[in-house]
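Visitor: Input: one structure, supplied below.
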Amino acid sequence: MYFEPLNIRRFRKDLSDTPFTYNVQDKLVTANIDGKEHKFKIEHYPFSPPIIWINDKRLSYSSMCYPPRLWKTYNETYNKFKGCICCNNKLCENNWSPVFRITDLLNEYRDFENTLKLIAKILVFKHSSLPDDMIFEIESFLLVKY
46 MYFEPLNIRR FRKDLSDTPF TYNVQDKLVT ANIDGKEHKF KIEHYPFSPP
96 IIWINDKRLS YSSMCYPPRL WKTYNETYNK FKGCICCNNK LCENNWSPVF
146 RITDLLNEYR DFENTLKLIA KILVFKHSSL PDDMIFEIES FLLVKY
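When the sequence shown is numbered by the working numbering, its final residue is 191 and no position is left out of the sequence of numbers.
Structure follows, in structure tokens:
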């Protein structure tokens with residue numbers, strides 16, 4: 046009789062409708078979610094947060110991963126009273142709870158990325174003297190599907 050490790054059972058439950066592969070030696074799960082390759086290092090999951098890569102880019106809330114002007118505007122606008130975003134998300138060891146699911150982590154990061162995209166658009170058109178209709182047309186071409 047084969048007993049599936051707890052971390053894999055939990056992962057399977059979290060992403061029940063997503064096919065994935067599991068490398069036992071590396072404790073690495075690979076899944077295709079929304080057309081992007083996601084890798085999850087789940088060595089101690091669900092008792093500690095997984096390490097996540099999306100298209101070989103590590104999921105990170107670090108300011109080093111984003112342009113300084115964009116990060117500064119984000120902190121001034123959205124993060125004014127919340128403190129460090131690196132310390133105030135579900136992936137942080139201090140905030141982690143086994144209650145959090147993989148989908149919670151991905152949704153939180155997707156919301157964060159969408160907020161940064163919105164700020165980037167605002168920064169691009171902040172000093173523009175173009176008519177609103179023209180800005181809307183340009184913006185429609187710049188939209189990138191997540």
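Every residue, glycine too, gets a C-beta built ideally from N, C-alpha and C.
1) Can you confirm whether Pro50, when its beta carbon is compared against all beta carbons of chain D, has any partner nearer than 7 angstroms?
2) Can you tell me whether Lys81 sits near the ligand HEM, meaning its C-beta is under 6 angstroms from at least one heavy atom of the ligand?
3) In whole angstroms, give me the CA-to-CA distance for Ile87 and Leu115.
4) Just to check my reading of the structure: His83 and Ile97 have Cβ atoms closer than 8 angstroms, yes? What is that Cβ distance to the nearest angstrom?
5) Any chance you could list the alpha helix (DSSP H) runs of at least 4 consecutive residues sitting entirely within the stretch 54-85, in chain order?
6) How far does the beta strand (DSSP E) with Ile97 in it reach, from first residue to last?
7) Short check: CB of Glu153 to CB of Lys166, under 7 angstroms?
8) If we require 4 or more residues per run, which alpha helix (DSSP H) segments fall completely within the stretch 136-178?
9) Can you pull the DSSP bridge partners for Lys102?
10) Quick check on Phe56: buried or exposed, where buried means 16 or more other Cβ atoms within 10 Å of its Cβ?
Guide: Looking at the coordinates:
1) No chain D appears in this structure, which consists of one protein chain only.
2) As for the ligand HEM, it is missing from this structure, which has no ligand bound.
3) Cα to Cα, the separation comes out at about 31 angstroms.
4) About 7 angstroms separates the two Cβ atoms, so the contact holds.
5) As summarised for the stretch 54-85, there are no continuous alpha helix (DSSP H) elements at least 4 residues long confined to that stretch.
6) Counting along the chain, the beta strand (DSSP E) containing Ile97 begins and ends at 96-99.
7) Taking 7 angstroms as the cut-off, the beta carbon of Glu153 is found no closer than this to the beta carbon of Lys166.
8) Secondary structure within the stretch 136-178: the alpha helix (DSSP H) runs of 4 or more consecutive residues, fully enclosed, are 147-170 (chain order).
9) For Lys102, the pairing in a beta bridge is given by DSSP as Ile99.
10) Phe56 should be labelled buried.
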